[in-house]
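Student: Throughout, our numbering is defined as the position within the sequence shown, counted from one, plus 992.
Where a beta carbon is used, it is the ideal one built from N, C-alpha and C, also for glycine.
Keep in mind it's a predicted model, so treat the numbers as computed, not measured.
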Amino acid sequence: PDELERVEAAGGRVINWNGYRVLGVLATSRSIGDQYLKPFVICKPEVTVREVTNGDEFLILASDGLWDVVSNEVACRVVRRCLNGQIRSKTADVLNQNRASEAAAVLVELAMSRGSKDNISVIVVELGKT
993 PDELERVEAA GGRVINWNGY RVLGVLATSR SIGDQYLKPF VICKPEVTVR
1043 EVTNGDEFLI LASDGLWDVV SNEVACRVVR RCLNGQIRSK TADVLNQNRA
1093 SEAAAVLVEL AMSRGSKDNI SVIVVELGKT
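1) Determine the closest residue to I1034 out of A1097, E1101 and E995, with distance taken between C-alpha atoms.
2) Would you mind reading off the limits of the alpha helix (DSSP H) that contains L1058?
3) In chain order, what residues of the same chain have a beta carbon less than 8 Å from the beta carbon of S1108, not counting five sequence neighbours either side?
4) Please classify V1114 as buried or exposed, where buried requires at least 16 other C-beta atoms within 10 Å of its C-beta.
5) I'd like the list of long-range same chain contacts for S1055, defined as Cβ closer than 8 Å, with 5 residues on each side in sequence excluded.
6) Are A1103 and V1116 touching if we call contact CB-CB under 7 Å?
7) What's the call for R1091, buried or exposed, on a 16-neighbour Cβ count within 10 Å?
8) Do L1099 and D1048 come within 7 Å of each other at the CB atom, strictly closer than that value?
9) Exposed or buried, what is V1017 when buried is set at 16 or more other beta-carbons lying within 10 Å of its beta-carbon?
10) Between which two residues does the beta strand (DSSP E) carrying R1013 extend?
11) For G1077, which option in E1094, K1036, Y1012 and F1050 has the closest C-alpha, if you only look at C-alpha atoms?
12) Mark I1024 as exposed unless 16 or more other C-beta atoms lie within 10 angstroms of its C-beta, in which case mark it buried.
13) Alpha carbons only, please: which of N1046, R1013 and N1064 is nearest the one belonging to F1032?
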């Protein structure tokens, strides 16, 4: 079901307070922890399964600390350039990292430079490479 409907059916409310938030507090409706917001916030993940195709280059897994300040398009452009060796991390120990890890570090740096106020977690997985 739609997340808004699910939260309201559980007796909760979604309030627009600096973005939509469960009870005006939490910006996500599914999380591990946040016990004080149960039963409105659940730990059961929403999962989508799809086949990886030849055109799929990489996967970006990230928290809202990234997505609040970086669009999907910009993130993909940055990762593509990192994987091609066109952008390097300013802070990561790049000698001991693969390019996907370095791309994740560059995205964190970008989110921080754009003033992200949230925790920033990023994982980049390169697809189709063995």
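Tutor: For this structure:
1) Among A1097, E1101 and E995, the Cα nearest to that of I1034 belongs to E995.
2) Here the alpha helix (DSSP H) through L1058 covers D1056 to W1059.
3) Hits under 8 Å: G1057, L1058, D1060 and V1061.
4) With 16 or more other Cβ atoms within 10 Å, it is buried.
5) Closer than 8 Å at the Cβ level, and outside the excluded window around S1055, lie D1110, N1111, I1112, S1113 and V1114.
6) Their beta carbons are not under 7 Å apart, which means A1103 does not touch V1116 by this criterion.
7) If you draw a 10 Å sphere on the C-beta of R1091, you find 16 or more other C-beta atoms in it, and that means buried.
8) For D1048 and L1099, no; Cβs fall outside 7 Å.
9) Around the C-beta of V1017, fewer than 16 other C-beta atoms lie within 10 Å, and the residue is accordingly described as exposed.
10) Judged by DSSP secondary structure, R1013 falls within the beta strand (DSSP E) whose first and last residues are Y1012 to V1014.
11) If we check each option's Cα against that of G1077, E1094 comes out closest.
12) Its Cβ having fewer than 16 others within 10 Å, I1024 is exposed.
13) The option with the nearest alpha carbon to F1032 is R1013.
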